[in-house]
Every structure is written in structure tokens, then in C-alpha cells.
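Protein chains in written order, with our numbering: chain A, 8 to 633; chain B, 16 to 279.
Here a beta-carbon is modelled for each residue, glycine too, at the ideal position from N, C-alpha and C.
A short worksheet on the structure shown next.
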Amino acid sequence: MSIDIAARQDAATPIVIVGHVDHGKSTLIGRLLHDTDNLPEGRVAQIVESSKKRGLKIEWSFLLDSLQIERDQGVTVDSTRIPFHLDARQFVIVDAPGHRQFLRNMITGAADAEAAVLVVDAAEGAQEQTRRHAMLLRLIGIRHVIVLMNKVDLLDYDQARIAESERAVAALLRQLDIEPSLFVPASAREGDNIAARSPHMGWYQGPTLTEALAQVPAPSGRADLPLRLPVQDVYRFDNKRVVAGRIERGRVTVGDSLVIGTHGTLARVASIESWHAAPQISAVAGQSVAITLEPDVIPDRGDLLHTPDAAPVRAARIRTRLFWLRQEPLRVGESFRLRLATAEHQVTVASIDSVVRLDDLTEHAADHVPPEGFAEITLAASESILFDPFTPGTTDGRGVLVDRNQRIVGGAPLIGPAAIATGTRAIHPTDSTVSLWDRAQARGHHGGVFWMTGLPGAGKSTIARAAESRLFAQGIDVSVLDGDTLRAGLCADLGFSEADRTENVRRAAAVARILAETGQVVLVALISPRAADRDLARQVVGEGFQEIFVDADQAVCESRDPKGLYAAARAGRITGFTGIDAPYDVPENPDLRLATGQGSVAETADRLAAHVAGTVLLGDAARRRS
Amino acid sequence: MDDLDQLEAQSVYILREAYRKLKPLAMLWSLGKDSNVMLWLARKAFLGRVPFPVMHVDTGKKFPEMYRFRDEYARKWELELLLGECPPVEEIDPTLPPAARSAARKTAGLAAMIEKYKLEGVIAGIRRDEQATRAKERIFSPRGSSHKWDVRNQPPEFWDQYATPHEEGVHIRVHPLLAWREIDIWRYIEREGIPLVDLYFARNGKRYRSLGDQDITSPIDSDAATVAEVIAELQTTRTSERAGRAMDHESEDAFERLRVAGYL
Numbered sequence: 008m009s010i011d012i013a014a015r016q017d018a019a020t021p022i023v024i025v026g027h028v029d030h031g032k033s034t035l036i037g038r039l040l041h042d043t044d045n046l047p048e049g050r051v052a053q054i055v056e057s058s059k060k061r062g063l064k065i066e067w068s069f070l071l072d073s074l075q076i077e078r079d080q081g082v083t084v085d086s087t088r089i090p091f092h093l094d095a096r097q098f099v100i101v102d103a104p105g106h107r108q109f110l111r112n113m114i115t116g117a118a119d120a121e122a123a124v125l126v127v128d129a130a131e132g133a134q135e136q137t138r139r140h141a142m143l144l145r146l147i148g149i150r151h152v153i154v155l156m157n158k159v160d161l162l163d164y165d166q167a168r169i170a171e172s173e174r175a176v177a178a179l180l181r182q183l184d185i186e187p188s189l190f191v192p193a194s195a196r197e198g199d200n201i202a203a204r205s206p207h208m209g210w211y212q213g214p215t216l217t218e219a220l221a222q223v224p225a226p227s228g229r230a231d232l233p234l235r236l237p238v239q240d241v242y243r244f245d246n247k248r249v250v251a252g253r254i255e256r257g258r259v260t261v262g263d264s265l266v267i268g269t270h271g272t273l274a275r276v277a278s279i280e281s282w283h284a285a286p287q288i289s290a291v292a293g294q295s296v297a298i299t300l301e302p303d304v305i306p307d308r309g310d311l312l313h314t315p316d317a318a319p320v321r322a323a324r325i326r327t328r329l330f331w332l333r334q335e336p337l338r339v340g341e342s343f344r345l346r347l348a349t350a351e352h353q354v355t356v357a358s359i360d361s362v363v364r365l366d367d368l369t370e371h372a373a374d375h376v377p378p379e380g381f382a383e384i385t386l387a388a389s390e391s392i393l394f395d396p397f398t399p400g401t402t403d404g405r406g407v408l409v410d411r412n413q414r415i416v417g418g419a420p421l422i423g424p425a426a427i428a429t430g431t432r433a434i435h436p437t438d439s440t441v442s443l444w445d446r447a448q449a450r451g452h453h454g455g456v457f458w459m460t461g462l463p464g465a466g467k468s469t470i471a472r473a474a475e476s477r478l479f480a481q482g483i484d485v486s487v488l489d490g491d492t493l494r495a496g497l498c499a500d501l502g503f504s505e506a507d508r509t510e511n512v513r514r515a516a517a518v519a520r521i522l523a524e525t526g527q528v529v530l531v532a533l534i535s536p537r538a539a540d541r542d543l544a545r546q547v548v549g550e551g552f553q554e555i556f557v558d559a560d561q562a563v564c565e566s567r568d569p570k571g572l573y574a575a576a577r578a579g580r581i582t583g584f585t586g587i588d589a590p591y592d593v594p595e596n597p598d599l600r601l602a603t604g605q606g607s608v609a610e611t612a613d614r615l616a617a618h619v620a621g622t623v624l625l626g627d628a629a630r631r632r633s
Numbered sequence: 016m017d018d019l020d021q022l023e024a025q026s027v028y029i030l031r032e033a034y035r036k037l038k039p040l041a042m043l044w045s046l047g048k049d050s051n052v053m054l055w056l057a058r059k060a061f062l063g064r065v066p067f068p069v070m071h072v073d074t075g076k077k078f079p080e081m082y083r084f085r086d087e088y089a090r091k092w093e094l095e096l097l098l099g100e101c102p103p104v105e106e107i108d109p110t111l112p113p114a115a116r117s118a119a120r121k122t123a124g125l126a127a128m129i130e131k132y133k134l135e136g137v138i139a140g141i142r143r144d145e146q147a148t149r150a151k152e153r154i155f156s157p158r159g160s161s162h163k164w165d166v167r168n169q170p171p172e173f174w175d176q177y178a179t180p181h182e183e184g185v186h187i188r189v190h191p192l193l194a195w196r197e198i199d200i201w202r203y204i205e206r207e208g209i210p211l212v213d214l215y216f217a218r219n220g221k222r223y224r225s226l227g228d229q230d231i232t233s234p235i236d237s238d239a240a241t242v243a244e245v246i247a248e249l250q251t252t253r254t255s256e257r258a259g260r261a262m263d264h265e266s267e268d269a270f271e272r273l274r275v276a277g278y279l
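Take a look at the structure:
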């Protein structure tokens, strides 16, 4: 075994390329890799062939858009990371998709980048994605931003027009406190100022893009900051207890006294354990270590180890920035787990303090954060959380929100402790520690909400009740919420105006959600005539919502008229009656359509019960695991 | 810390996350250079042990040297070795090009093992620089029922936080080597003295750069007979690593189709 000192290298520097769709990110990367001799043999020939097949001249973006759909539709679906070297220095280029719906893929690629190249079409100027991506660069803490003013060939390399475009982009970035380190006028397609100086812009004295990249500072050492070692796991090997974790900053030396988490126990580092490595008495930020403690206390995963003289902030209410990744809006009162390094805390959204409007990057009050929106919110926890506020260039305060199914739904850089709210608006719903999956395994089925909509008299309640008894007989925990039951109690204060009907739907959906979260199957039988209201119900319920269209001709419904309501409406004794003098929006894409004109009630109920059971029942494999 | 230290620390972190979060968990061991490095990293993470089984999904078509290597090191390293077989090629989707069809046997064999042991996590040694679709992978990559990779709907993954959805039929592929390049693997093998099947080293002017089944892997022209010589060769070569893998070259999307279906 030999260690070739000459072969030692610094770690690769990740660089993310962002910008509006069609402003030329992929072309830039293709050009960059080609002009700096970073392509393996055969790759260029492959690209030429793929381009020819689609009737294009050489299409550099095919280098990255490796998926079939990406080549066919000319879009980047997911981010790619490509190793790349400039002389002896290693980089990793992260290509992030520009399309709005691919925000999470962009963050996945960009979140650990050291620097960013923001690509702007010099002719088009900043567009929606330019603003969105710039906002993200700020939120994920990337300080070093190079702006590539691309496609300047389309401006005939005209200095004045390029400068004007630059000024507009600079003004936008200033709004976000981003001070770009450089503007490079360039054409990725033509190769101007990428790896070689452009012959068309004698007036430009600054560096080419590759020269600019070479100047990006290498990841700075975090070893000199106070120690933060989050516990990842605790092993017991050979009767020795070992605490495993990665040092996020600072250093650990044998003999150091450490404070353990919020309970504050003190312990001494007795040893740093390793296998197939020289014995260590000290380890620094970035290393994954295994230490033993004296006395042999037992920390938990998530406990933060730190030195007694430099403790982190402790708070139960925390102001955070937020980039929201879920497709449904975020509302006050929703509960999540806040993951912070290896810790997980139960938190509730106590308030939405402001939401960023992307048109002009101003902040506004709002009662919800829209899908893929940016906001500032306050999180309330049931216990104290130890943290260091978010600082670009460190791993501090990088919170992530996960839902009850352990899906990441938002990034939450922690700003600092929040003042305790006063007054009546402080809401602190608690969240269950029994997971949905635990419940599903115990019962043998998931919860769910089956929203049955249809004209009055279509048979919603009749079918729901019949399906209820079938499902119950199969051991499924099921209940029915119907319009009359709700209006007799919970919604007794509501009339039949549009607003009251919307509120009726909202309340029904909220109750259904609560039941579904306890693992129940809920059949909601509600006319809910407006598509917008049903969309609201879908949003309130979230996952596990299905729309069932109970479909019958109005003539059939009217002939049934079990409650005599059609007759009353025709006689003018009821107004605003759905189907007579109020509209019904037929569901466009219901999850199930039950035509009640044909077939008996029994047959229709069988169909519904089979559909519900097929959706919620766990397979044998899952049940055996419980 | 140099670049290898950093790659090692990151992989150790990922392996420890997988061990903590996913049970039951197993590691794929194809007997190739990458999976040997991965196994070595596991021993680093768990102080000399491998606290979960290693799986060899056997096509029955490996080189005899590989089987000998497997048996020797499974014993030496005290591994819990699970062996799985692959169905015959006649049972595989006949619309695939021939080499891809042959490779898809492994997908089926792997799926059978995942079912049999009810695995929640499978650690696999793929790298981003090997093949363009692998560059799109997550470190924790959820696979839905029938083990399909939903490439258009991958979970967000950032700041070292990995999605671990607990849902029926979902298992997670864990990829601790994604950030490694071929040359990093060799430099680490050299630094740590990790044993390898000697097919990687030149004999009579040929060596294998990537090891698959006998019928779908070809050796390259090379005189590199030691680890140091391989590293020197890689520093100058312009050919891609998988040039000797037939299935990558049969059609534009052959490899993508394999991967989406659950292939590594």
C-alpha cells in the first residue's frame, strides 16, 4: 500500500448552473465540457448522431439530457451532476432544470453548491425562472454568483445593449441582497467568452467563464468554528458503546468535555475509534467519526454534542425562511417534522409571516403559502430545539420539513428564535406520534376520503350507506358523512348561499381529513355542485382524496325525488336548488363514475365497495410485516 | 481532508443513515471493484464489521475467478452472504435488444431477493460518472411496487436529508458511491490496499475495465498490470468505462429502459 502524496487533491467544488428555460443552460454546459476537453471519446459522435436523427444541427444539450423524454421534448427533467476539471482543479457541474414544476429537482441539484452561474438571455433579460432561481440561490445560501449574459451574438455583440441588459439584471439581484461577483457577456452556442476570449468583444476586459470559475474560492474550512457534532447513531460493538456522527463544524479531541443535547449532561471524549486507519486523537469538520464517552452515557440520535463554552441557540418557537415544495398550499396549523441534521422535532406552523410575490420579489401578508412558493413563517415546537441560525457557507440551521410519510416537503433555513405570540391567534395543534403507517398496519388498510358528488336524488347517500355495510363486513373501519347529517349539527348555522355551500364543503372536508388521519375510510355524500368547492375539498384533505361521481340523469333524479325537494323547487318553494335554478359542474375526471340510472343499488354499492377496498387494503406482504 | 477523505466520510455517513433508517437492509455485492470499495466503506462505518447481509445476485455466468474471490472473501471478512439466482433468458421481455435482455435477468433475480427477504433497503454501488441515466439518481432512491424507478417523479433530496417513505411495496435503493469517479475508486483501492479479482489487471495485453457476465463483457487493450499502472492509464484514457459493456450500445435508450425497470 502506498500513498502517492502528489496525487492528493482538494475535494471537487460543486457549481450549479441555473436560469430561465431556454436561456441556454444545457448548451452552456455542453460547450464548456467540450471546449475544456472534458468529454470522453465517442460522446461528441453520439451527440451528433442524436441531433441528426431529430433534424438538428449539433445540439449540445443532448449531452446532459440523457433521458429519452428530455431529448425528444428538449427539456431537462432532472438535475445531473458531471465531474469536470480545469487544469488540476476539480469541479462538479450541476445542471438544474428550468421548468417551474421541476423546482424540487433544481434544489436537489443546487443545495450544496459552492457557486452558481446564473444564465440570462441578454436579449430577453430576467424572466420568471431567473427571479425564482435567484431567490433560491439566496435561500440556500450561495454567495458566489457569476452572471452569464448569454446569446450576446443575437445583440450583435453590441456593448451598449449588453450593458443595459446587465443593469436590469443587477437591479433585480440587488433586491435579493445578491451581489454578483461578475457579469460575463458570452455566447454559449458560438463559444464566445466561455473557454476562449471572444473575437467579437474587444471592449470586454474581464475574465472568460473558465477564468471566472477558476477564481471561485475553494470550500472554506469550518474546522475553526465551535464544535457541532450531531449524533447519527449509537452502536454497541464488543461491549463498547460507540457514538457515531459527522462533525459539522469545529474539531473533537480526545479528552475534550462535551455537552450532550438539550439535557445538558457532560461527558469526556475517551477515544476516537476507527478501522483500518492510523489511530487518531483529533478529528475535524467533515469527518464521519465514532467516539466513546466517559462516563458511558447514552446519547440519542439527534442529540447535538457541543463544547460547554459555545452553546447553540435554544428556542421552541423559531422564525424560518421557507421554500415550499408540496403541490398543495401550506396553511397555519399544519404539523410536520423538522429535520435538522440528524434531529427530528415535531413542529406546527404557528404563523405565516410573509409570502414573496415572484413578479416583483416583494413580501406580502397571506394566509397560505402557494405551491412552490417562498415565505417567512414561524414554527412552534413542543420542546426546545438547539440550533445555530442559518449561515451561508456552513451547514448551520438547514432545516427541512418532512410530512408524516417521511417525504421532504420544504426547505426551512432557520433565522432565529421568534417572540412568543400573544393574544388569541396562537394556535398549537399537536401532532400524533402514531404514524399513518402504524395505523394502517394495525388495521390492514389505509385511511382515505371518497368524495361522492352528484345531483340531488342521484343516490349518493343510499349507495354510501350500502357500501358502508359491505366494507364494514370486510373489517374496514368506515364511516359516512352525508349532507343532511352535517347540516343537522356541525353546519346548522349555514344556509344555501354560494359562500355557505363552500363553507359547508370546507367543514365536511376538514372533518373527513381528521377521520382519515386516524386511519378511517370516509365516504362523503355531498352534492357539492361546484368544481371549485370540490377542488377545495381535495386541498383540505390532501393525500388520499378521491372524487366519485354518482351520475344519474336529472329526469331520473327528479322522478325519484325521495325527499320531495324537486317538487318543492318546481313549485318555487325552494330557490337555488341544484339542477333546477342552480348549476351543477359535472366532474371532468372523477376517480370513479357510478351510473345509477342502470343497475340496482346493490350492484352499484358492490362496485363502490370493491373500488374502495382495492384502494385502501394493504397487500399480504405488508400485513405480514406488522 | 483531501478528496478521498471527503468521499469516504460522505459514504460512511450515507451507510450509517441507511443502517439506522432501513430495516431489513442488505448490500449488493457484484464482486467488482466498486462493490468491493463499498464493502470496505461499510467496514469503515461499522468499525470492521458489516452488520447486514451482502447479496450476490448470480447470473451463473460470472468468471470462475469471481466465484473463487467471492467464497474466499466472504469467509475472510465474515460476511453474511445471501445468494440469489436469475431466471433463464427465455422468461425475459423479448423486445429488449439481446445483451440488454441478458442483463435484465439480473433485475428479475434482484426483485426476487427483495421480495424473499422483504427488504426495505438495498445498498448498490452505482456511480454518476458511469452512465448518463445514473447521473440522475438520488442517494436514497425509492422504488415503487414492481421496483420501477419513477425518474420523472423523484423526491427532493438536499442538505443530506433523505426521503424514507414508509409505504406498502416501496423499498429504497441506497447509493453511497454516487459521487465517486472511476479514478477515485482506483486511487482509494490503492490507498487502502483493497483486494480485487485479478481480471482487472493486464495479461497478454488485455484487461477488464468493468466486469459483468462473461457473455456481455469484453476486455480492453491494456498493459496495466498493477493498481498504480491502472491509475496511470486512466489519467490518459479517453474511452468511456462501459465501452466494453454491450448492452449500453444497442440502442439510444436501452440502458434507460433497463434502469427504469429496476436494473442498477
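Could you work out which residues of chain D lie near residue i, taking near to mean beta carbons separated by less than 7 Å?
i                     : result
residue 27 of chain B : Protein chains in the displayed structure are A and B, and chain D is not among them.
Report yes or no: is there a C-beta of chain A within less than 9 Å of the C-beta of residue i?
i                      : result
residue 123 of chain B : no
residue 32 of chain B  : yes
residue 128 of chain B : no
residue 49 of chain B  : no
residue 37 of chain B  : no
Examine chain B for any beta-carbon lying closer than 9 Å to the beta-carbon of residue i, and answer yes or no.
i                      : result
residue 343 of chain A : no
residue 482 of chain A : no
residue 335 of chain A : no
residue 215 of chain A : no
residue 7 of chain A   : Because chain A in this structure spans residues 8 to 633, residue 7 of chain A falls outside the shown range and cannot be described.
residue 375 of chain A : no
residue 379 of chain A : no
residue 257 of chain A : no
residue 412 of chain A : yes
Please classify residue i as buried or exposed, where buried requires at least 16 neighbouring CB atoms within 10 angstroms.
i                      : result
residue 136 of chain B : buried
residue 98 of chain B  : exposed
residue 282 of chain A : exposed
residue 521 of chain A : exposed
residue 604 of chain A : exposed
residue 270 of chain A : exposed
residue 135 of chain A : exposed
residue 200 of chain A : buried
residue 444 of chain A : buried
residue 112 of chain A : buried
If I'm right that residue i touches residue j with Cβ under 8 Å, what's the distance once you round it to whole angstroms?
i                      : j                      : result
residue 556 of chain A : residue 594 of chain A : 4 Å
residue 37 of chain B  : residue 187 of chain B : 6 Å
residue 6 of chain A   : residue 548 of chain A : Here chain A comprises residues numbered 8 to 633, so residue 6 of chain A is not present and cannot be evaluated.
residue 44 of chain A  : residue 203 of chain A : Contact doesn't hold; Cβ gap of about 12 Å is too wide.
Looking only at its chain, what residues have a beta carbon closer than 6 Å to the beta carbon of residue i, apart from the 5 residues adjacent to it on each side?
i                      : result
residue 329 of chain A : 382, 384, 417 and 419
residue 275 of chain A : 264 and 301
residue 352 of chain A : 345, 388 and 392
Quick one: what's got a C-beta closer than 8 Å to residue i's C-beta in the same chain, skipping five residues either side?
i                      : result
residue 319 of chain A : 235, 311, 313, 393, 394 and 395
Within the same chain, show all residues whose beta-carbon is closer than 7 Å to that of residue i, passing over the 5 residues directly before and after it, in chain order.
i                      : result
residue 190 of chain A : 154, 156 and 173
residue 56 of chain B  : 23, 26, 27, 30 and 191
Subject >> Inter-stretch contact (C-beta, 8 Å, three-pair minimum) for the stretch 365-372 of chain A and the stretch 109-122 of chain A >> reply: no
Original post:
Quick check: the stretch 524-537 of chain A against the stretch 494-501 of chain A, are there 3 or more CB pairs under 8 Å?
Top reply: no
**OP:** Report yes or no: do three or more beta-carbon pairs, one from the stretch 251-262 of chain A and one from the stretch 281-301 of chain A, lie closer than 8 Å?
**Re:** Contact holds: three or more Cβ-Cβ distances are below 8 Å.
Original post:
Given 8 Å as the limit, is there contact between the stretch 99-119 of chain B and the stretch 160-170 of chain B, that is, 3 or more CB pairs closer than that?
Top reply: Flag = no, the stretch 99-119 of chain B and the stretch 160-170 of chain B do not touch.
Original post:
Are three or more beta carbon pairs between the stretch 216-233 of chain A and the stretch 24-31 of chain A nearer than 8 Å?
Top reply: no
Subject >> Contact between the stretch 138-149 of chain A and the stretch 160-170 of chain A (3+ Cβ pairs under 8 Å) >> reply: Contact fails: fewer than three Cβ-Cβ distances are below 8 Å.
Original post:
Is the stretch 564-573 of chain A close to the stretch 347-357 of chain A, with three or more CB pairs under 8 Å?
Top reply: no
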